[in-house]
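**Student:** In my numbering, the protein residues as written are -3 to 543.
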Ligand code: C2O
């Protein structure tokens, strides 16, 4: 591979959408941020210079960062944030990975505006496991807030209320014509008839799973989270925040002289406030003649499932199988050395004295894994671990099981308070790990997109209700389960994931809804070094930021 240099200047600029202008933190003054494009095997040097008053870090979502957590980016987990006027170079090699991913800020709520596509092309002399597309297009789904997202997360943390929702969803930063004052900000995908386009669809939204569809066109799904899947045809995608889906769009053989809406809107089972509005882009056939006439044609609008269509979501998720062949072998753990059972969900924390809180019954919203709500330390866990200074930073007793078994998807317990702490779970090098992620009904069942840093994992099983440790494993797929870095834990259900702990370091795992992450639905793993020199965490770079 070659070395590619990028420079990310973190600057505030004014951006106008929906006739509202606001100042936002961006990379290089772009919203969404610039795409990062590389080939498998390349070495990336991304120099981040922070010119804004907020701290920041950048995370390369889905990049494995083998032995090199120093370049992973989650603030206070693998690094201290880059402070105002400081610089940090993310220095990493893309090993054994290709496909569509994303990069985003990993400090507070900054990823609402600081994010972009991360496209890894196959190495030279190597091709896709499907016919070469005529063109490749990135479709980055996001959100637009009329107000400052930072103020929104402060509201969620300080008053304990559910945060305000965004004011629009966006395609490549544009809300489209279904919002007021937004028709001119519409994403247009201009296509030729009879061609195959590869669409790289990324969900960079802050707090929403999104359905995605194109009127009168079906697509072939070929990749999820930068791993190839067995191709299947669908009219509808469902993508969680942090997930990516590559699809082939075959345009109609003859220009139908029409326009077709590209739509996205949430799938949500949350009880809180949700925005059920729809972002629209337009798929436009290029016709050589008469473009003025075709402008007046109506745009065809596709149907979308209801916002809480949980059975649609489950059917869609069940269609994914990893592509497994001699070129792309799978390595699914057949036996488990370490198993974990994690409840994920919302809860509450008491209202501090002399404060009014706006969460349930005057409490604050909180969120947890196994009832432990993560408190970020004031220094980075990876640094403390590497330099053996964990005292007062974290403890290594993250619970393997929830403190109290109850009917997780039925009647909730009457105590909703979470415990708080900075706890990590320790894994021996190369252990074969299973984690069952169980949604809970403590404040109502809800789907949670769980993301693991530093790894891909296999989704070996999923279902509704409480996980049954006797019978459910009998139905696991240990042959071609889909390989992801972010999985939607079904609303009122569970998923089982497996992976080999072959990447030493400290790795974050959390709900990829930003509000749940900030409420503490997160934990960290420490994967110990192996015996051989090439099984150990690399030394930190000299410019690693200090807290
Ligand atoms: Cu894309 Cu820790 O996140």
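We put the CB at the ideal spot given by N, CA and C, even for glycine. Quick caveat, the model's predicted, so the values are computed rather than measured.
1) Compare the Cα-Cα distances from residue 339 to each of 116, 432 and 466 and report the closest residue.
2) Counting only the same chain and skipping the five closest in sequence on each side, list residues whose C-beta sits under 8 Å from that of residue 75.
3) Considering only residues of the segment 305 to 348, which uninterrupted alpha helix (DSSP H) runs meet the minimum length of 4 residues and lie entirely inside it, listed in chain order?
4) Within the present structure, is the beta-carbon of residue 238 separated from the nearest heavy atom of the ligand C2O by less than 7 Å?
5) Going by CA-CA distance only, name the one from 422, 115, 402 and 178 that's closest to residue 36.
6) Please state whether DSSP places residue 531 in a helix, a strand or coil.
7) Roughly how many whole angstroms lie between the Cα atoms of residue 296 and residue 191?
8) Would you mind stating whether residue 240 and residue 222 have Cβ atoms separated by less than 8 Å?
9) Just to check my reading of the structure: residue 108 and residue 197 have Cβ atoms closer than 8 Å, yes? What is that Cβ distance to the nearest angstrom?
10) Per DSSP, residue 276 forms a beta bridge with which residues?
11) Tell me the residue span of the alpha helix (DSSP H) that contains residue 513.
12) Would you be able to state if there are at least three C-beta pairs under 8 Å between the segment 210 to 229 and the segment 473 to 484?
13) Over the uninterrupted beta strand (DSSP E) stretch that includes residue 390, give me the two end residues.
14) Would residue 247 be called buried (16 or more neighbouring beta carbons within 10 Å of its own) or exposed?
15) Does DSSP put residue 148 in a helix, in a strand, or in coil?
16) Would you list the one or two residues that DSSP bridges to residue 434?
17) Taking just the CA atoms, how far does residue 281 sit from residue 171?
18) Locate the alpha helix (DSSP H) running through residue 382, then write down its first and last residues.
19) Compare the Cα-Cα distances from residue 8 to each of 2, 24 and -3 and report the closest residue.
20) Pull the bridge partners of residue 100 from the DSSP assignment, please.
21) If we ignore side chains and look at the alpha-carbon of each, how far apart do residue 207 and residue 266 end up?
22) Does the Cβ of residue 187 have 16 or more other Cβ atoms within 10 Å, making it buried, or fewer, making it exposed?
23) Count Cβ pairs between the segment 270 to 280 and the segment 153 to 173 that sit closer than 8 Å; are there 3 or more?
24) Taking the alpha-carbon positions, what's the residue 20 to residue 472 distance?
25) List the endpoints of the continuous beta strand (DSSP E) containing residue 414.
26) Name the DSSP beta bridge partners of residue 127, please?
27) Residue 508: beta carbon under 7 Å from a heavy atom of the ligand C2O?
**Tutor:** For this structure:
1) The shortest C-alpha separation from residue 339 is found at 432.
2) In the same chain as residue 75, and ignoring 5 residues on each side of it, the C-beta atoms closer than 8 Å to its own belong to 53, 66, 68, 69, 84, 376, 378, 379, 540 and 541, in chain order.
3) Qualifying alpha helix (DSSP H) stretches, in chain order: 306 to 313.
4) Flag set: Cβ of residue 238 near the ligand C2O.
5) Of the candidates 422, 115, 402 and 178, the one whose C-alpha sits nearest the C-alpha of residue 36 is 115.
6) Here residue 531 sits in helix by DSSP.
7) A direct Cα-to-Cα measurement between residue 296 and residue 191 gives close to 20 Å.
8) Taking 8 Å as the Cβ cut-off, residue 240 and residue 222 qualify as a contacting pair.
9) About 19 Å; that fails the 8 Å criterion.
10) Per DSSP, the beta bridge partners of residue 276 are 259.
11) Taken as a continuous stretch (DSSP letters only), the alpha helix (DSSP H) holding residue 513 covers 510 to 514.
12) Using a C-beta cut-off of 8 Å, the segment 473 to 484 makes contact with the segment 210 to 229, since at least three inter-stretch Cβ pairs fall below that distance.
13) Careful: residue 390 lies outside any beta strand (DSSP E) and carries neither H nor E.
14) Around the C-beta of residue 247, 16 or more other C-beta atoms lie within 10 Å, and the residue is accordingly described as buried.
15) Here residue 148 sits in helix by DSSP.
16) Under DSSP, residue 434 takes part in a beta bridge, and its partners are 339 and 490.
17) Roughly 21 Å between the two C-alpha positions.
18) Its alpha helix (DSSP H) spans residues 377 to 382.
19) Answer by Cα proximity: 24.
20) For residue 100, the beta-bridge partners assigned by DSSP are 55 and 111.
21) About 15 Å.
22) By the neighbour-count definition (other C-beta atoms within 10 Å, threshold 16), residue 187 is a buried residue.
23) Remark: three or more beta-carbon pairs, one from each stretch, lie closer than 8 Å, so the segment 270 to 280 and the segment 153 to 173 are flagged as touching.
24) Roughly 45 Å between the two C-alpha positions.
25) For residue 414, no beta strand (DSSP E) run applies, since DSSP gives it neither H nor E.
26) Note: residue 127 sits in no beta bridge, so no partner.
27) The beta carbon of residue 508 sits closer than 7 Å to at least one heavy atom of the ligand C2O.
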